[in-house]
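Taken in order, the sequence shown gives residues 93 to 551; the numbers are from my numbering. The next block holds one structure in the form of structure tokens; read it before the comments.
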Amino acid sequence: MVATATRSYLPWALAATAVGVASALVPSSYAMSIVLGAFSLVVLTVAVYAVFDRPGRGVLLMLAVLPLDIAGRLIAEPVAVTAFHVSLLLTLAAWAWTWLRDPEDGRPRFSALDVGIAALIGAAIWSLPGSLDRATTAVAIVRLVFLWLFSLSVVTFVRDERMADSVVAVIVGTAALSSLLALAQYAIPGFPIGSTHVDLDTGGVVQLRPSAFFEDPNLLATFLSVAVIAALAKAIHARRWTHAAKWLVLAGTCATGLLVTLSRTGMVGVMLGAIVLLLTAPRRRRPWLAGAALALGLAVAVVAPGQIVSRLASVVDIEADSSIRTRYLMLGSTVEMIRDDWVFGTGLGAYDRAYPAYRKPGALISITKPHQLPLAIWAETGIAGLLAEFIIAGGLTWLIRGRRHRGWNVYEALGVAGLVSVLLQSLFQYYLYFEYLWLFLAFTVAATRFTRDVEEVPL
């Protein structure tokens, strides 16, 4: 089913991905620029035709080019514009055209979650007059609006299981490719494709942290973590061993790439997501799934390289690990910032303007951006932001109410597990503008509207 659904949607999306990859690989020259430009024009023409023919294809196109990140950047300053943004604008244009021609087919599918997102945008506007950097706050508001439109397009066009399968296939497929690139970056020093970070651990040992085409290894890790969760969900709910094996291979590929990023938040995110998948699995499968999870955990603890084990153990090492210590100290600084201006905040995106005055001794001077999303929203947008967070949480609770009693279909389980994983990681990273957070918010909403009854079919 996945292969059939995906085959009709993805040729043009893969071509668009190839353009971004080629941009990163091909050496700069006048002749090559002409060839690449011509190829890009052809791909863009095909993409425009395909998306205007079926706006839902725009969702798949956006997800296909989203992992390109740096390689997909068309403009870097003053505001980054990427292939994802172009795809989003194309999707919105096609959606508007469809809505004009057929109001019923193009009608946005709003939900309780949109009330919370509207409240968040309102909170950002609330923070604008007193912002420490009004220009940055204004840009942040625009970014929020477009992220909301992205999530709304996912909810609107992911209307059935066939489209949901295509979305999952694109997420996992692009993640597997990103993972293979990360493995090459890790294994081959000086690998010329993509981005690699070099860090020093607490003992002064050099750590190579690949990030594929992402700007930061933690961003790649979070992407890979939700892909692992998506693949595991499909394997857990598969009706045949052959299908389950295919998804397990993809999950393993993505997990291997995640491990070499050395991202602690990504590893913990996968663990929490796996627990959610276990709790939402068909009842008859839970006992052997729990046993398999325990065995896998023990195996990883025994055979995993010491670098990975020590990296994961350092999550609670506040004294020795400067990064963890900075996050802990920044939490206290954020609380003090909220105490001093809890009504209007610093202005959305202006946290770094206020933070230096609140920085505590022992925190890294190079880090000024917020690293905890829930409190940072309150610090930046004041009491209105806190209210918006409660409304979003309440909307999500309302949407998934009752699933525990009637059972979960694979898409609900996948959406909630992925969302919980990203939300956990947002306690350590500022993921307000991370598209995969908004994607899994939207996918969770879309999944609750599928009508197929849950079936527990033994493998």
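Backbone N, C-alpha and C fix where the C-beta goes; we use that ideal spot for every residue, glycine too.
Proximity test, residue i beta-carbon vs the ligand NAD heavy atom, cut-off 7 angstroms
i, result
"I492", "Among the components modelled here there is no ligand, and therefore nothing to report on the ligand NAD."
Simplified DSSP assignment, three categories, for residue i
i, result
"T137", "helix"
"L220", "coil"
"T372", "helix"
"R431", "helix"
"R554", "The requested residue 554 is not part of the displayed model; the chain covers only 93 to 551."
"R331", "coil"
"T438", "coil"
"T228", "helix"
"N501", "coil"
"A455", "coil"
"P281", "coil"
"P147", "coil"
"V237", "helix"
"T426", "helix"
"K326", "helix"
"I492", "coil"
"L524", "coil"
For residue j and residue i, the rounded distance between their alpha carbons
i, j, result
"I416", "H289", "18 angstroms"
"R356", "L515", "14 angstroms"
"A384", "M363", "13 angstroms"
"V537", "V427", "32 angstroms"
"N310", "S303", "8 angstroms"
"I263", "V250", "14 angstroms"
"A468", "S219", "13 angstroms"
"G441", "E253", "37 angstroms"
"T540", "V246", "13 angstroms"
"L316", "L184", "27 angstroms"
"V143", "T137", "10 angstroms"
"T96", "I430", "Low confidence applies here, because T96 scores a pLDDT of 45, under 50, leaving its location unreliable; read the following figure in that light. So the two alpha carbons sit approximately 52 angstroms from each other."
"F283", "Q517", "28 angstroms"
"D413", "Y528", "28 angstroms"
Beta-carbon contacts of residue i that lie in its chain and below 7 angstroms, excluding the five residues immediately before and after
i, result
"W530", "L239, F242 and S243"
"T557", "Because the chain is modelled from 93 through 551, residue 557 falls outside the range shown and cannot be assessed."
"L421", "K452, G454 and A455"
"V512", "L364, G365 and V368"
"A204", "G487, W490 and L491"
"I328", "L369, A373, R377 and L381"
"A211", "L479, A480 and I483"
"V94", "Residue placement at V94 cannot be trusted, given a pLDDT of 43 that sits under 50; what the coordinates show is reported in the next sentence. Once the five neighbours on either side are set aside, the close Cβ partners of V94 are D257 and A261."
"F532", "V318, G507, G510, L511 and V514"
"D545", "Here D545 scores only 39 on pLDDT, less than 50, and its place in the model is too uncertain to base an answer on."
"H463", "R419, M422, F520, Q521 and Y522"
"V320", "A343, C346, A347, L350 and V362"
Per DSSP, cross-strand counterpart(s) of residue i
i, result
"V290", "L300"
"I167", "V173"
Any chain C beta carbon closer than 8 angstroms to residue i
i, result
"G214", "No chain C appears in this structure, which consists of one protein chain only."
Reference residue i, options the options, closest by Cα
i, options, result
"H335", "G358, A276, A261 and G499", "A261"
"A268", "E504, V360, L180 and K338", "K338"
"L224", "Q464, G437 and V178", "G437"
"Y278", "Q521, T348 and L324", "T348"
"A330", "P374, T353, M359 and S458", "P374"
"I475", "W500, A505, W434 and Q464", "W434"
"V231", "I167, I321, V171 and D194", "V171"
"I162", "S287, A323 and Q521", "S287"
"L158", "T174, E169 and R149", "T174"
Cut-off 8 angstroms between Cβ atoms - residues of its own chain near residue i, not counting five sequence neighbours on either side
i, result
"A382", "L370"
Proximal residues to residue i (C-beta, below 6 angstroms), its chain only, five neighbours per side dropped
i, result
"R99", "Its pLDDT being 45, under 50, R99 is placed unreliably by the model, and nothing is read from it."
"W189", "none"
"A534", "S243, V246 and V247"
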